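Worksheet: one structure, shown below.
4 protein chains.
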Amino acid sequence: MAETKKPLESHLGASTADRVWVRGLDLCRDLMGQVNLGDMAFLELRGRLPTPAESRVTNAILVALVEHGITPSALATRLTYLGAPEAVQAAVAAGLLGLGTVFVGSIEGAARLLSETLAGARPDADLKALAAAQVAEMRARKANIPGLGHRMHVKGDPRTARLFAIAAEASLRGRFVGLMEAIGEAASQAYGRTLPVNATGAIGALLCELGFDPRVARGFGVMSRAIGLVGHIFEELQHPMAREICDRVEHEANRPLAGAGS
Amino acid sequence: MAETKKPLESHLGASTADRVWVRGLDLCRDLMGQVNLGDMAFLELRGRLPTPAESRVTNAILVALVEHGITPSALATRLTYLGAPEAVQAAVAAGLLGLGTVFVGSIEGAARLLSETLAGARPDADLKALAAAQVAEMRARKANIPGLGHRMHVKGDPRTARLFAIAAEASLRGRFVGLMEAIGEAASQAYGRTLPVNATGAIGALLCELGFDPRVARGFGVMSRAIGLVGHIFEELQHPMAREICDRVEHEANRPLAGAGS
Amino acid sequence: MAETKKPLESHLGASTADRVWVRGLDLCRDLMGQVNLGDMAFLELRGRLPTPAESRVTNAILVALVEHGITPSALATRLTYLGAPEAVQAAVAAGLLGLGTVFVGSIEGAARLLSETLAGARPDADLKALAAAQVAEMRARKANIPGLGHRMHVKGDPRTARLFAIAAEASLRGRFVGLMEAIGEAASQAYGRTLPVNATGAIGALLCELGFDPRVARGFGVMSRAIGLVGHIFEELQHPMAREICDRVEHEANRPLAGAGS
Amino acid sequence: MAETKKPLESHLGASTADRVWVRGLDLCRDLMGQVNLGDMAFLELRGRLPTPAESRVTNAILVALVEHGITPSALATRLTYLGAPEAVQAAVAAGLLGLGTVFVGSIEGAARLLSETLAGARPDADLKALAAAQVAEMRARKANIPGLGHRMHVKGDPRTARLFAIAAEASLRGRFVGLMEAIGEAASQAYGRTLPVNATGAIGALLCELGFDPRVARGFGVMSRAIGLVGHIFEELQHPMAREICDRVEHEANRPLAGAGS
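Quick note, the sequences are listed as chains A, B, C and D, same order. In terms of my numbering, the numbers along the first sequence are unbroken and rise by one, the last being 262. In terms of my numbering, the numbers along the second sequence are unbroken and rise by one, the last being 1262. In terms of my numbering, the numbers along the third sequence are unbroken and rise by one, the last being 2262. In terms of my numbering, the numbers along the fourth sequence are unbroken and rise by one, the last being 3262.
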């Protein structure tokens, strides 16, 4: 390592003999017993503690993402735990790995879309016009618009209304939320069916309002779901299902090719 | 799947067209905007919301575990992100995989040790005597006592004192904490050097006080560190170090065997 | 990184402008087109290419471990792929994470048991006596003996017979295999039921015969199963099952608590 | 799971009391001792055993991808093993997670590009014209052309020449290889600098020649690198570097913010 080209630097955490620092704050004095876990996420990703209003919205977002029942991720965690019960961390990691473009990735997609659209617009630009242009452009190239529609909540995602209400109470309902709603309306009109803003779209918009970098927006799903997946390991200990699922699938699916090898 | 032997059941989460349920509570009405992220972890792993005292201790534990600076886990996350920046979830998962027996596993070890020791003891058993017997037995079979000592905080882990103080304020400092401290004292005497209770020992004891199952105790490290690892991805975007580390190591370490293959 | 304490060194691979070296061999000239994939595994873990006899046994071991149908690992891979089809590597990784103590770990357990038993014995020690003593000792402390018995192959694992025959043909059937068989016989007698050496026991013994370090014995399962899991991703593209499994489980298992939150 | 909508089926593997089947072949009789590990990968992904020519090319591809020295992946594996030495599978998985779009993903990119280009072309289409059109189109939208150029092998990747020679000997050098080479030439001309086909480009082309689905092309990197990463764990046991790297980085990088929290 003789030819050092670029210095390495990190400002996240450090320890001395009698103190631990996180982002320049004294962990024991300023954080433990003073702030909640959602505030720590804010501190890690914004470099400062949140205001009470920011804390409430950030925690509401994270709380909304913790638990979604039996998802592919939850099953992957339970199946992994079956084979490696000594490694809780690996079972959680296995579940997190499925949080890709299909499920949680739309948070990132929505945050990027809103952030890029407003970055290129004038401060007083009309949100309805921006939304209509964006939807038309994406529709023309058959791109999927992130953050809209829901398989089960067809008339509207209850989490969206609640998140936007909490944001309004906190005076954090700004142009990103407005644009996301306008995109939902424009898309509903363009495609001729109701396409309400779903929870990932609402969260993508609120993360922009709070100043988070869209490149780590997916991380909010990852942080919250890590908690939910530990919950699934705990339930698997009480009401196991992984072995039974595996036995059923094996029994139904395995088919040695007829006549082969005989 | 014709031969269903055992029914599958889960009580964690469920959705209807206009509601989302988590552990029997209405996500939008009872949780979002009402509780913080640490409380959600409590709900997932205890099946009910915490009291204010339980909430404070649970959040303090989780806050203490979020960030530890440049750890092997943080580096694994940053190096993974270098090759797969499209998959934030995979970079976090890579970092979590190192939370095994060496680093975070001692939380689980301490929780199991305390829980098993007190499970086999009478309610009025003397904690010092229990601790001395336990230390003697483990020393005889050369077993490592989890939750004691720290490479850097040699005179005492500042997080331990703070955690136990918060627990005392919350009236949640009970026999598990007492036993953990007694084990630290007995071990210091037996080994002839100061072996103070470290943060993982303190947390193992407090998780028992809060009624969490020791089998998911390691999960607290996993949940918190998932947040910290997203923080490291964010810092890697601003102050990248993964590529530079790799270049330096490659430059110093790679040695084609002398004369081989020539 | 100013205070360099220990030098970093690696002899596995290196590149110059016109050559690539692996373990001191020229990748293009000495390996590609000359050796098969199993030989490369041997080279990585033994530091030299195998003899034809070693190559045959090593490949037979690895071939035996590639595919086991619908396992918890295979399902974890398929479920992960459902959510993150852009990340084949993550889906394979999710499946590998379940190769812990319950399933593939017994290869490592058997290799360690045989290696430690013979390390402490005289070269001319009687294998039956060693086995009987070992089984008695493990039975006394209720330890699980790795590498014996099989849920489905109750009368004997067909892979064991085949592996030992191939090893005999290659003159690689030595004292580790003998001890493993003696342990199977001693255990059958001690427990009063047939406990034949299963595939993981046979492989653990043969890895010792081939001179592999028991600490990486589990790695043979990992290497082979990585191939099998890519196979499951390929089949999932043709005959998808992950979504259907998830839907069925969700439909049967999700139970909002009666009356809760209402 | 009452409402079964779609049947589950798998033809990869199955077991009876005295046999194990893989893809319709008898594992013990037809595969173990008969075929090598690369042939098993072919069987999993093509549904039949390879011809000798196909076997040679497939093994050469896989052999080429096993080992690349100290890569970000290898470091992630070693750092993970440091914290969780009880879980070899998790350390390998951590390394695999970095095989994303930046490093190994270009195999998939090249395979998709070639496959899509020839799928839309007439059988007698001129490869140079196809290549020129493709390069022009990609250059216009500033897309990255996968499979070209190499940081170190600036005058040409030695693995490419060797792979194409082996394919020619096996009569498996067809239109996909021809198109890949034509794309390299067209790109070199268009960008005014030498952009030779690198190993991932060559492998992408050969996987198409062999009839593999481009959607699992990245899996070849994953399968091979799993072997290489077990090799790095083995070397870490002999020549450890993870702890030293971590200490050096921590020492250089950690910076509590000046004056903060004091």
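Here a beta-carbon is modelled for each residue, glycine too, at the ideal position from N, C-alpha and C. Here the structure is a predicted model, which means the values were calculated and not measured.
Asked                                                                                                                                                                          : Found
Count the other C-beta atoms from every protein chain shown that fall within 10 angstroms of the C-beta of L269/A, then say buried if there are 16 or more, exposed otherwise. : Here chain A covers residues 1 to 262 and nothing more, so residue 269/A does not appear.
What does the alpha-carbon distance come out to for the pair L3207/D and V1088/B?                                                                                              : 29 Å
Considering only their Cβ atoms, is the gap separating T1077/B from A1064/B smaller than 7 Å?                                                                                  : no
Beta-carbon of G1100/B versus every beta-carbon of chain D: anything under 7 Å?                                                                                                : yes
Determine whether the beta carbon atoms of V222/A and V1020/B lie at a separation below 7 Å.                                                                                   : no
Looking only at its own chain, which residues have a Cβ that is under 8 Å from the Cβ of R2218/C, when we skip the five neighbours before and after it?                        : L2099, V2104, G2105, I2107, E2108
Mind reading off the beta-carbon distance from R3159/D to L2062/C? Whole number of angstroms is fine, and I expect it under 8 Å.                                               : Incorrect: roughly 23 Å between the Cβ atoms, too far for contact.
Could you tell me the alpha carbon to alpha carbon distance between R2255/C and A1053/B, rounded to whole angstroms?                                                           : 30 Å
Name the chain A residues that come within less than 8 Å of D1213/B, Cβ to Cβ?                                                                                                 : F234, L237
M241/A touches chain C at which residues, Cβ-Cβ below 8 Å?                                                                                                                     : V2249, A2253
Pick helix, strand or coil for N1144/B, following the three-state DSSP scheme.                                                                                                 : coil
If the cut is a Cβ gap below 9 Å, which residues of chain B does S2010/C touch?                                                                                                : V1249, E1250, A1253, N1254, R1255
In chain B, which residues lie less than 7 Å from L3075/D when you measure between Cβ atoms?                                                                                   : L1079, C1246, V1249
Roughly how many whole angstroms lie between the Cα atoms of M2023/C and E2044/C?                                                                                              : Correcting the residue type first, residue 2023/C is Arg in the shown sequence and not Met. If you take the alpha carbons of R2023/C and E2044/C, they lie about 7 Å apart.
Reducing DSSP to helix, strand and coil, say where S2171/C ends up.                                                                                                            : coil
Helix, strand or coil for L25/A per DSSP?                                                                                                                                      : strand
Are the segment 2179-2189 of chain C and the segment 2118-2138 of chain C touching by the rule of at least three beta carbon pairs closer than 8 Å?                            : yes
Would you mind stating whether T2101/C and E236/A have Cβ atoms separated by less than 7 Å?                                                                                    : no
Using a Cβ-Cβ cut-off of less than 7 Å, list which residues of the segment 1176-1200 of chain B approach chain D; keep chain order.                                            : none
By the criterion of Cβ-Cβ separation under 7 Å, what are the contact partners of L2172/C in chain D?                                                                           : In chain order: nothing, as chain D lies at least about 12 Å away.
Take F2164/C as the anchor and find which of A2136/C, A2140/C, T2058/C, A2074/C has the nearest alpha-carbon.                                                                  : T2058/C
Tell me whether G201/A, by its Cβ, gets closer than 6 Å to a heavy atom of the ligand MG.                                                                                      : Within the structure as shown, the ligand MG is missing, as the structure has no ligands at all.
Which value, in whole angstroms, describes the spacing of the CA atoms of A111/A and R3225/D?                                                                                  : 34 Å
Using a beta-carbon distance cut-off of less than 9 Å, what residues from the segment 1085-1098 of chain B approach chain C?                                                   : E1086, A1087, Q1089, A1090, A1093, A1094, L1097
Would you mind working out which of G1192/B, P1146/B, H1251/B, G1228/B sits nearest A1205/B, comparing C-alpha positions?                                                      : P1146/B
When we look at the beta-carbon of V2154/C and count the other beta-carbons within 10 Å, is it buried (16 or more) or exposed?                                                 : exposed
Could you give the uninterrupted runs of the beta strand (DSSP E) lying entirely in the segment 3046-3070 of chain D, keeping only those of 3 residues or more?                : none
Output the distance between the C-alpha atoms of A199/A and A74/A, rounded to the nearest integer angstrom.                                                                    : 19 Å
Nearest-angstrom Cα distance between A1168/B and S1055/B?                                                                                                                      : 14 Å
Helix, strand or coil for G1120/B? Go by DSSP, reduced to three states.                                                                                                        : coil
Residues of chain F with a CB under 9 Å from the CB of G204/A: which are they?                                                                                                 : Reference to chain F is not applicable here, since the protein chains of this structure are A, B, C and D.
Taking only runs of the alpha helix (DSSP H) that begin and end inside the segment 3148-3211 of chain D, which ones reach a length of at least 4 residues, in chain order?     : 3158-3169, 3175-3191, 3199-3209
Express the C-alpha separation of A132/A and F220/A in angstroms, rounding to a whole number.                                                                                  : 28 Å
Is the CB of H150/A under 7 Å away from at least one CB in chain B?                                                                                                            : no
Got a sec, what are the start and stop residues for the beta strand (DSSP E) A2014/C sits in?                                                                                  : 2013-2015
Which value, in whole angstroms, describes the spacing of the CA atoms of V3230/D and P214/A?                                                                                  : 36 Å
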